[in-house]
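**Q**
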Amino acid sequence: MSGSRMERKKQQQGRRTGIKIVIAILAVAIIAGGVYLYNIYNQVDRMVSTMYTPLDSDLEKRQEIEDRLRSRHTINVLLLGVDERAGDRGRSDTMVFGSLNPNTNKMLMFSIPRDTYVEIPGRGMDKINHAYAFGGSELSVQTVENLFDTTIHFYAKVNMEGLQDGVDALGGVTVYNDEAFSSGGYNFHQGELHLNGEEALAYSRMRKEDPRGDIGRGNRQQQMIDAMIEQGMTFESFSRVENILTAVGDNVETNMQMEEMRQMFRNYRGTRDETIREEISGTGQMMGNVWYYIVSEDEQNRMSQVIQDHMEAE
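For this note's numbering, count along the sequence shown from 1 and bump the result up by 167.
(1) Which of the three DSSP states, helix, strand or coil, is assigned to Lys-375?
(2) For Asp-476, is the classification buried or exposed, using 16 other Cβ atoms within 10 angstroms of its Cβ as the cut-off for buried?
(3) Could you check whether the segment 239-251 touches the segment 283-290, counting it as contact only if at least three pairs of C-beta atoms, one from each stretch, sit closer than 8 Å?
(4) Going by C-alpha distance, which of Phe-315, Gly-449, Ala-367, Asn-434 is nearest Asp-335?
(5) Under 7 Å, do Ser-259 and Leu-247 count as touching if we go by C-beta distance?
(6) Can you tell me which of the three DSSP states Glu-441 falls into?
(7) Exposed or buried, which one is Met-453 when buried takes at least 16 other CB atoms within 10 Å?
(8) Output yes or no for whether 7 Å exceeds the beta carbon distance between Tyr-459 and Gly-449.
(9) Answer with buried or exposed for Phe-277, where buried requires no fewer than 16 other C-beta atoms within 10 angstroms of its C-beta.
(10) Whole angstroms are fine: how far does the CA of Leu-314 sit from the CA of Arg-229?
(11) Are the beta-carbon atoms belonging to Asp-234 and Asn-422 less than 7 Å from one another?
(12) Taking Cβ to Cβ, would you say Glu-365 is nearer than 7 Å to Gln-398?
(13) So within the segment 298-331, which uninterrupted beta strand (DSSP E) runs reach at least 3 residues, ignoring any that extend past its ends?
(14) Hey, out of Ala-394, Asp-393, Glu-305, Ile-447, whose CA is closest to Gly-380's CA?
(15) Looking only at DSSP bridge pairs, what is Ser-216 linked to?
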């Protein structure tokens, strides 16, 4: 065999060896990645099982929810931010209504001021945040449904102290602050802020120094939700997934099951393309030495129509 032929044969063998090494490395990486993803999937499954807390009213809504998810119709969600302490159920100091329309890829979002004077089923007229103290998430959902003549398909109750854990697990969040203020021992300047967990909790809780009161606080809480979702979707957050799952599982209750979460992720994630923000107009009023936020019947009807129009839009 000539020298040139031997040299070509050695080069071919070298290439084949190199290809085998690359294939072996890829195979190991794929197997390792598969094992990691399988473990993550199991963690998510366990987390969702821990979070899953159905409501009594879910039974009568079950068929409607299944039909809406299958047909990709608008889904309404209520987020309850609750301060709970040992021996005290607490109150829902944060109530955010979200309506996700996958046909328009738009999400309607607004906060319900905690002092809003409403009819709480079985309890009469009172502040809306007292509904949680009287009857937990079940009564809170029912009160909001009655107020706006609509259906809440899913709810999520978040322990506000857990907000701190969630933000830290994400590596912090970035928000834009419209007006400088101080809260919880922190000074928040105007402009872009990168917040850790403690700072985020103080930022989202501030109310008394805000000239818009509960409305301003509600806007910051919506900001925080957006920022956490945005950060959660980054590549950097993937490496923190185990910490994130732990933070979420320890601090959230919801009536959404695993398969429903999959459907929401597949078919409704595009609704973040555009967020429609609304505000509930009202006036402050003292009654019996208690301050309430009074929302007129006309304003309630307007908000009900806004929700209905959003849900039916194609």
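All C-beta atoms, glycine included, are put in the ideal place defined by N, C-alpha and C.
Fair warning: this is a prediction, and the values are worked out from it, not measured in the lab.
**A** The answer reads as follows:
(1) Residue state, collapsed to three classes: coil.
(2) Exposed: under 16 other Cβ atoms inside 10 Å.
(3) At 8 Å Cβ cutoff, the stretches do not touch.
(4) Among Phe-315, Gly-449, Ala-367, Asn-434, the Cα nearest to that of Asp-335 is on Ala-367.
(5) In this structure, Leu-247 lies closer than 7 Å to Ser-259 by Cβ.
(6) The answer is strand: DSSP assigns Glu-441 an E or B state.
(7) Met-453 should be labelled exposed.
(8) No, these two residues do not count as a Cβ contact at 7 Å.
(9) That one is buried.
(10) Between Arg-229 and Leu-314, the C-alpha separation is close to 21 Å.
(11) No; because the gap between Cβ atoms is not below 7 Å, this pair is not in contact.
(12) Taking 7 Å as the cut-off, the beta carbon of Glu-365 is found no closer than this to the beta carbon of Gln-398.
(13) Correct list: 321-326.
(14) It is Ile-447.
(15) DSSP lists no beta-bridge partner residue for Ser-216.
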